[in-house]
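J.: So the sequence shown is residues 288 to 447, counted in my numbering.
Backbone N, C-alpha and C fix where the C-beta goes; we use that ideal spot for every residue, glycine too.
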Amino acid sequence: GGCPNTTYGESVGCVAISGCASVYTILTTAILAIVSAFIAPFTTFLATIPNCVMGGVCITLYGFIAVSGLKMIQKVDLEDNRNLFVVCAILIAGVGGLALKFGKITLTEVACALVLGIILNVVVRIGDKKQKAQTQEETCEKEVATEENVAVTEDKKDEE
288 GGCPNTTYGE
298 SVGCVAISGC
308 ASVYTILTTA
318 ILAIVSAFIA
328 PFTTFLATIP
338 NCVMGGVCIT
348 LYGFIAVSGL
358 KMIQKVDLED
368 NRNLFVVCAI
378 LIAGVGGLAL
388 KFGKITLTEV
398 ACALVLGIIL
408 NVVVRIGDKK
418 QKAQTQEETC
428 EKEVATEENV
438 AVTEDKKDEE
């Protein structure tokens with residue numbers, strides 16, 4: 288068991304497919320699933336569903352989960368190469384099968400993608416802060432130079 292308030296991707300996919308996000312509908316469905324698990328004829332009926340049908344349902348469900356993830360990525364500015372680099376590294380690590388094994392401990396593809404994403408995001412943001420500080424210094428220098436030029440120009444006008 289786990290926390291009853293955990294949100295799973297499958298739930299998000301089912302809500303996206305059906306369009307029904309009612310708590311009462313989900314609660315009723317959960318209760319029916321629990322009760323029907325103890326009814327042998329019903330579980331036998333579910334076992335007769337062909338694998339290709341279940342595969343089609345899973346493809347649709349996981350497709351909706353992937354699309355909801357892509358919708359979240361839409362909010363990220365991928366025109367910025369730093370963001371693009373982090374997103375690409377996460378996707379390649381997660382989908383590409385990057386798994387690390389340290390003795391008896393194994394980091395799965397998703398865990399590796401998560402750790403890689405966090406580390407890259409921190410590293411990229413450190414570089415971003417340094418670049419912003421340098422840009423602010425240059426801007427201040429330009430403003431000071433512009434103010435000096437304006438003062439010199441005004442002095443020349445006063446002399447004439």
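Under the rule that 16 or more other beta-carbon atoms within 10 Å means buried, what is residue 373, buried or exposed?
T.: So residue 373 counts as buried.
J.: With residue 321 as the anchor, note down where its alpha helix (DSSP H) starts and where it stops.
T.: Taken as a continuous stretch (DSSP letters only), the alpha helix (DSSP H) holding residue 321 covers 310 to 323.
J.: Tell me whether the beta-carbon of residue 351 lies closer than 9 Å to the beta-carbon of residue 410.
T.: Result no, Cβ atoms of residue 351 and residue 410 do not sit closer than 9 Å.
J.: Just to confirm my understanding: we take residue 329, look at its own chain, exclude 5 residues before and 5 after, and list those with CB closer than 7 Å. What are they?
T.: Excluding residues within five positions, the ones whose Cβ falls inside 7 Å are 323.
J.: With a cut-off of 8 Å on the beta carbons, I'd call residue 400 and residue 381 a contact; round off their distance for me.
T.: Indeed they touch by this definition, with Cβ atoms about 4 Å apart.
J.: On the three-state DSSP scale, how would you describe residue 362?
T.: Looking at residue 362 - three-state DSSP - the assignment turns out to be coil, as it is neither helix nor strand.
J.: Who pairs with residue 335 in a beta bridge, going by DSSP?
T.: In DSSP, residue 335 forms no bridge with anything.
J.: Taking only the alpha-carbon atoms, compute the straight-line gap between residue 313 and residue 354 and give it to the nearest angstrom.
T.: C-alpha separation (whole angstroms): 22 Å.
J.: Given this structure, state the Cα-to-Cα distance separating residue 308 from residue 359, to the nearest angstrom.
T.: Those two C-alpha atoms are separated by around 19 Å.
J.: Got a sec? Which residues, its chain only, sit under 7 Å from residue 369 by beta carbon, not counting five neighbours each side?
T.: Only 411, 415 meet the Cβ criterion.
J.: State the start and end residues of the unbroken beta strand (DSSP E) segment that holds residue 394.
T.: Run containing residue 394: 392 to 394, per the beta strand (DSSP E) assignment.
J.: What is the DSSP secondary structure of residue 387, reduced to helix, strand or coil?
T.: The answer is strand: DSSP assigns residue 387 an E or B state.
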